[in-house]
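Take 0 as the starting number for the sequence shown in numbering that gives the first Met the number 0 and just add one per residue.
Glycine included, each C-beta is placed from N, C-alpha and C at the ideal position.
This structure is a prediction, so every number in the text was calculated from the model and none was measured.
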Amino acid sequence: MTDQEIYSEVAKLLYCEAPDVSSEIHALAMHVEKPSFISVWVGELRSVDGAFDLSVEALRKLTILVNELKEYCLDRDMGGWNIVHFIASPPLKTFECEFDYSAQLDEDEMTFTEYSRRLNQASRVRP
Numbered sequence: 000m001t002d003q004e005i006y007s008e009v010a011k012l013l014y015c016e017a018p019d020v021s022s023e024i025h026a027l028a029m030h031v032e033k034p035s036f037i038s039v040w041v042g043e044l045r046s047v048d049g050a051f052d053l054s055v056e057a058l059r060k061l062t063i064l065v066n067e068l069k070e071y072c073l074d075r076d077m078g079g080w081n082i083v084h085f086i087a088s089p090p091l092k093t094f095e096c097e098f099d100y101s102a103q104l105d106e107d108e109m110t111f112t113e114y115s116r117r118l119n120q121a122s123r124v125r126p
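This is how it looks when you write it as structure tokens:
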């Protein structure tokens, strides 16, 4: 699968699983040596109100897609990330993918939850 095919599959999955498609749909995934962690929510900020659960099948498929994307990137020397943030906006018909690397996550100096909180704080200070 190419990166574009992976992005397309992720976008479809998020669209089909989200309880509300009138605003942004987010999936934040951590890919490290241990099992991946995935958080999904609707709306600009990560909150309890916007959080939703993926079906077992969708979670399995998203995990596989994240692993395939990591493999694809590593094969092309673009794999220096351990966080991928997918943002689908059905009303605008857009899809974004942001990558990040956190040494603190790799070294167990920060949890995925703490990383998510920091991302949320950074979102709140955007102009």
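Query, Result
"Using the C-alpha atoms, what's the distance from residue 81 back to residue 100?", "5 Å"
"So who's on the other strand from residue 93, going by DSSP bridges?", "88"
"Under the DSSP definition of a beta bridge, which residues are partnered with residue 134?", "Given a span of 0 to 126 for the chain in the structure shown, any question on residue 134 remains unanswerable."
"For residue 85 versus residue 96, is the C-beta distance shorter than 8 Å?", "yes"
"Looking only at its own chain, which residues have a Cβ that is under 6 Å from the Cβ of residue 24, when we skip the five neighbours before and after it?", "13, 17, 41 and 87"
"Starting from residue 66, follow the alpha helix (DSSP H) in both directions and report where the run begins and ends.", "55-74"
"Could you say which of 89, 120, 83 and 93 lies nearest to residue 64 if we only look at CA atoms?", "83"
"Where DSSP assigns a beta bridge to residue 98, which residues make up the other side?", "83"
"Go ahead and label residue 69 buried or exposed: buried means 16 or more other beta carbons lie within 10 angstroms of its beta carbon, across all protein chains shown.", "buried"
"Taking the alpha-carbon of residue 92 as reference, which of 5, 1, 11 and 2 has the nearest alpha-carbon?", "11"
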